[in-house]
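Q: Protein chains in written order, with our numbering: chain A, 58 to 157; chain B, 58 to 157.
There's a structure below that I have some questions on.
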């Protein structure tokens, strides 16, 4: 199928993980109506106390780029940014599987 | 929603990544009929040449444990094991999002 995937790791400012997760779940709600987004799932880590992992699958990297220009997403990014201490991401090519 | 998630990283023996990915996609097919498995998606890394990431979401860790006892999964694990040079995993609590 060859979709564009991202594992996004966000380390929250101490004590702000749940507030940040809430904002990311709001982003997932906004993306419900955005066709280029196939998956946007928010997870917390069992072992890393301030860490959130976001599992993303997009039709292609252009769809991901377009999502960042959605006004509601930009507003959520503005709210979320002060809660983020560090961020990194792993870029993937999604081959297929169950649950897509 | 509080499901059990795993990011599984598999580093294939050199030259065996695609053969290993094929076996993992077969596992995803077997899991289509296993209710405790919500997601089992196979990805290759853009930057790490021999690396496969499997995104898994299960009803709970017991469902994951039960999947390993499925006869067809055991046969696939037996075929896949010689192709794996290294493995690690990140355990997650899945909160929710789009595409579940």
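Cβ coordinates follow ideal geometry from the N, Cα and C atoms, glycine included.
Pop quiz: residue 136 of chain B and residue 95 of chain B are said to be a contact at Cβ under 8 Å. What is the actual Cβ separation, rounded to whole angstroms?
A: By one-based count along the second chain, residue 136 of chain B stands at place 79. By one-based count along the second chain, residue 95 of chain B stands at place 38. That pair is no contact at about 25 Å.
Q: Tell me which residue opens and which closes the beta strand (DSSP E) that residue 68 of chain B is part of.
A: Taking the first residue of the second chain as 1, we reach residue 68 of chain B at position 11. Element bounds for residue 68 of chain B: 60-69.
Q: What is the rounded straight-line gap between the Cα of residue 153 of chain B and the Cα of residue 152 of chain A?
A: Here residue 153 of chain B refers to the residue found at position 96 when the second chain is read from its first residue. Here residue 152 of chain A refers to the residue found at position 95 when the first chain is read from its first residue. The alpha-carbon atoms of residue 153 of chain B and residue 152 of chain A are separated by roughly 22 Å.
Q: Strictly under 8 Å for the Cβ-Cβ distance: is residue 99 of chain B near chain A by that measure?
A: Taking the first residue of the second chain as 1, we reach residue 99 of chain B at position 42. Closer than 8 Å to some Cβ of chain A, the Cβ of residue 99 of chain B qualifies, so yes.
Q: Which residue wins for smallest C-alpha separation from residue 121 of chain A, given the options A/85, A/75, A/78?
A: Numbered from its first residue, the first chain carries residue 121 of chain A at position 64. Among A/85, A/75, A/78, the Cα nearest to that of residue 121 of chain A is on A/85.
Q: Please report the straight-line C-alpha distance between residue 60 of chain A and residue 111 of chain B, rounded to a whole angstrom.
A: One-based indexing of the first chain puts residue 60 of chain A at position 3. One-based indexing of the second chain puts residue 111 of chain B at position 54. Cα to Cα, residue 60 of chain A sits roughly 14 Å from residue 111 of chain B.
Q: What residues of chain B sit near residue 93 of chain A, judged by a beta carbon separation below 7 Å?
A: Mapped onto the first chain, residue 93 of chain A falls at position 36. Near residue 93 of chain A there are no residues of chain B at all, since even the closest Cβ is about 11 Å away, more than 7 Å.
Q: Smallest Cα separation from residue 109 of chain A: which of A/75, A/62, A/90, A/92?
A: Here residue 109 of chain A refers to the residue found at position 52 when the first chain is read from its first residue. Ranking the options by Cα distance to residue 109 of chain A, first place goes to A/75.
Q: Using a beta-carbon distance cut-off of less than 9 Å, what residues from the segment 129-147 of chain B approach chain A?
A: Residues 147.
Q: Would you kindly report the start and end of the unbroken alpha helix (DSSP H) that includes residue 105 of chain A?
A: In the first chain, counting from the first residue as 1, residue 105 of chain A sits at position 48. No alpha helix (DSSP H) holds residue 105 of chain A; DSSP gives it neither H nor E.
Q: Is the distance from the Cβ of residue 88 of chain B to the Cβ of residue 141 of chain B below 8 Å?
A: As a working mapping, residue 88 of chain B is identified with position 31 in the second chain. As a working mapping, residue 141 of chain B is identified with position 84 in the second chain. No; because the gap between Cβ atoms is not below 8 Å, this pair is not in contact.
Q: Less than 7 Å separating the Cβ of residue 155 of chain B from some heavy atom of the ligand SAH?
A: Inclusion of the ligand SAH in the displayed structure is not the case, the ligand content being empty and no account of it being possible.
Q: So if DSSP puts residue 124 of chain A in a beta bridge, which residue, or which two residues, is it bridged to?
A: As a working note, residue 124 of chain A is residue 67 in the first chain. According to DSSP, residue 124 of chain A bridges with nothing at all.
Q: To the nearest angstrom, how far is it from the Cα of residue 91 of chain B to the Cα of residue 98 of chain A?
A: Reading the second chain from its first residue, position 34 is the one you call residue 91 of chain B. Reading the first chain from its first residue, position 41 is the one you call residue 98 of chain A. Looking at the two C-alpha atoms, the distance is approximately 21 Å.
Q: Within the 8 Å Cβ cut-off, does residue 123 of chain A reach chain B?
A: Mapped onto the first chain, residue 123 of chain A falls at position 66. No, residue 123 of chain A lies away from the interface with chain B (no Cβ there is under 8 Å from its Cβ).
Q: Would residue 118 of chain B count as contacting chain A if we go by Cβ distances under 8 Å?
A: Translated into the one-based positions of the second chain, residue 118 of chain B becomes position 61. Cβ-Cβ to chain A under 8 Å: no for residue 118 of chain B.
Q: Please state whether the Cβ-Cβ distance between residue 114 of chain A and residue 149 of chain B is less than 8 Å.
A: Taking the first residue of the first chain as 1, we reach residue 114 of chain A at position 57. Taking the first residue of the second chain as 1, we reach residue 149 of chain B at position 92. No, these two residues do not count as a Cβ contact at 8 Å.
Q: Which of helix, strand or coil does DSSP assign to residue 156 of chain B?
A: As a working mapping, residue 156 of chain B is identified with position 99 in the second chain. In this structure, residue 156 of chain B counts as coil in the three-state DSSP scheme.
Q: Give every residue of the same chain whose Cβ lies closer than 6 Å to the Cβ of residue 146 of chain B, excluding the five residues on either side of it in the sequence, and list them in chain order.
A: Sequence index remark: in the second chain, residue 146 of chain B carries index 89 (1-based). If we look at residue 146 of chain B and ignore the five residues flanking it on each side, its Cβ neighbours are 63, 65.
Q: Between residue 103 of chain A and chain B, is any beta-carbon pair separated by less than 8 Å?
A: Sequence index remark: in the first chain, residue 103 of chain A carries index 46 (1-based). Closer than 8 Å: yes.
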